[in-house]
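Chemist:
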Amino acid sequence: EIENTTIEDFIILRNDGTPTYNLSATVDDHQMNMTHIIRGDDHKINTFKQMQIYLAMKWEVPQFAHIPLIHTIEGKKLSKRDNASTLDDYSKIGIMPDALRNYLLRLGWSFEDKEIFTLDESIKYFNLEGIGKSPSKLDMSRILSMNEHYIKNIDENDLFNQLTEYCKLYKGEIKSDKKDKIKKSLTFLKNKAKTLEDIFNNGQYIIVDEVNFNQDDIKIIDDKAKKIISAFSTQFATIDRLTKETLEPIVNELIKSNNTNFKGVGQPLRIALTGSKFGPGIYDIIISLGKEEVIKRLTNKKLS
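Just so we're aligned: 99 in the numbering used here is position 99 of the sequence shown, and the numbers increase by one with no gaps anywhere.
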C-alpha cells in the first residue's frame, strides 16, 4: 500500500483522444475478465494507477502480483536486443515447449528438490509464495540442458511429431518417403542432440536426395579408400538383411585384408554415404538408409 497523495494526477487520454497505456491496459484486462495479473516488478507504479481507474469505474479490482525481472547472464535487464528474447526465437533453434516451460517455471521458483515438472505438476505445485525476490539470470546452457533431457526422455512418437512440425515451420517439410527412415532412426539421431535443430542436422544424410561432400573430407577418399568402398559395395550387395550382425563380418574382413583399423574402413564409408567424416555410427547409417540407397551412394561417380 502507498498513500494516494504520492500518485500524480496522471494522464489517461492524449490531446488527440487516444488512450494512454494505463487506461488501455485496465479496460482491456477488465473486458477479458482477468482475475489475476502477474507481471514484472517494474510495473508496480502502474498498478497503483490502474487500481485508481478500477475504483473510479466501480469495477472489481483483480489480484496483482509483481515478480522479479529476468536478467541476462551478465546481470543486465533482458531486452528485445538480446539474442533469443522471444518465444519464437527459442522455437526457431529447436527448443521444445515443455522444456522451455519447465525451465521458466524453475527460474526463481523451486519446489523441494524437484527439477522436472509435467504440465499437470506445474499447475499443481506452482505458487507465488515460492518465487524469490532477486532477479533470475537467463542461462542458455541450462535451457539447452533441459531441452536435451526432454529429447532423451519423451516418447519417440511425440519427439518425431515435434521434429516434423519444427522442420515444416523452419527447415522445409520432410518428404514422405524420408519420414519413416527418420522415425526409425531417432534412437541414435537424438544422441548428443540438445535441440530439434541438432536432430535435423544429424539426419541430413537421410533427408537429402544427393550427398553434398565436405571438400576437406572428400580428400580422405584416396585410392586405398576407393578400393575399400568398392569392395564393401560388392560384398554388401550379396546380403539380404541389414543388421549389425550381417554388416560386421564384411567390415572386419576389409580391416584385415587392407591392413587397417575400424576407422580406416568406417571413415571412407561414412564420407561416401553422408558427405562428412562426422556423424552417427556407420552401422546405424547403413541400416537407416536401406540397401538400395546405400548402393546408389557407394557407386556415386564423384567417388571415382
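Backbone N, C-alpha and C fix where the C-beta goes; we use that ideal spot for every residue, glycine too.
(1) What are the uninterrupted segments assigned as alpha helix (DSSP H) that are 4 or more residues long and contained completely in the region 38–68, given in chain order?
(2) Which term fits K256, buried or exposed, when burial requires 16 or more other beta carbons within 10 angstroms of its beta carbon?
(3) Where does S230 fall in DSSP's three states?
(4) Have a look at the DSSP bridge pairing and note the partners of L13.
(5) Kindly indicate which residue of D9, L144 and E248 has the alpha-carbon position closest to the one of I282.
(6) Looking at the structure shown, is K224 part of a helix, part of a strand, or coil, going by DSSP?
(7) If you draw a straight line from the alpha carbon of G335 to that of D139, how long is it in whole angstroms?
(8) Examine the Cβ distances between the region 187–201 and the region 292–301 and report whether three or more of them are shorter than 8 Å.
(9) Assuming contact is defined by CB atoms lying nearer than 9 Å, are D29 and I37 in contact in what I supplied?
(10) Cα separation between Y205 and I123?
(11) Per DSSP, what kind of secondary structure is I182 in: helix, strand or coil?
(12) Going by Cα to Cα distance, which pick from E156, V61, D223 and P97 is closest to G264?
(13) Check whether the Cβ atoms of K194 and N252 lie closer than 9 Å to each other.
(14) Enumerate in chain order the residues of its own chain whose CB-to-CB distance from K152 is below 7 Å, with the five nearest sequence positions on each side excluded.
(15) Below 9 Å between beta carbons: does that hold for K183 and F160?
(16) When we look at the beta-carbon of Y166 and count the other beta-carbons within 10 Å, is it buried (16 or more) or exposed?
(17) From I116 to Q235, what does the alpha carbon distance come to, in whole angstroms?
(18) Determine contact between the region 129–138 and the region 71–88, defined as no fewer than three beta-carbon pairs at a distance below 8 Å.
(19) Along the chain, which unbroken stretches of the alpha helix (DSSP H) at least 4 residues long are found entirely within the region 111–143?
Modeler: Walking through what the data contain:
(1) 44–56, all fully within the region 38–68.
(2) Residue burial is scored here from C-beta neighbours: K256 has fewer than 16 other C-beta atoms within 10 angstroms and is therefore classed as exposed.
(3) Residue state for S230 is assigned as helix, using DSSP reduced to three classes.
(4) In the DSSP output, where bridge partners are listed per residue, L13 has P19.
(5) Out of D9, L144 and E248, the CA that lies nearest to the CA of I282 is found in E248.
(6) Correct three-state label for K224: helix.
(7) The first residue shown for the chain is 1 and the last is 304, placing residue 335 beyond what the model contains.
(8) As far as the Cβ criterion goes, the region 187–201 does not touch the region 292–301, which means the pair count is below three.
(9) When the beta-carbon positions are compared, D29 and I37 come within less than 9 Å of each other.
(10) One C-alpha to the other measures close to 41 Å.
(11) Correct three-state label for I182: helix.
(12) The residue from E156, V61, D223 and P97 with its alpha-carbon nearest to that of G264 is D223.
(13) Not a contact, by the Cβ cut-off of 9 Å.
(14) Within the same chain, K152 has close Cβ partners K190.
(15) Yes.
(16) Y166 comes out buried.
(17) Looking at the two C-alpha atoms, the distance is approximately 49 Å.
(18) As far as the Cβ criterion goes, the region 129–138 touches the region 71–88, which means the pair count is three or higher.
(19) DSSP runs (the alpha helix (DSSP H)) wholly in the region 111–143: 119–125.
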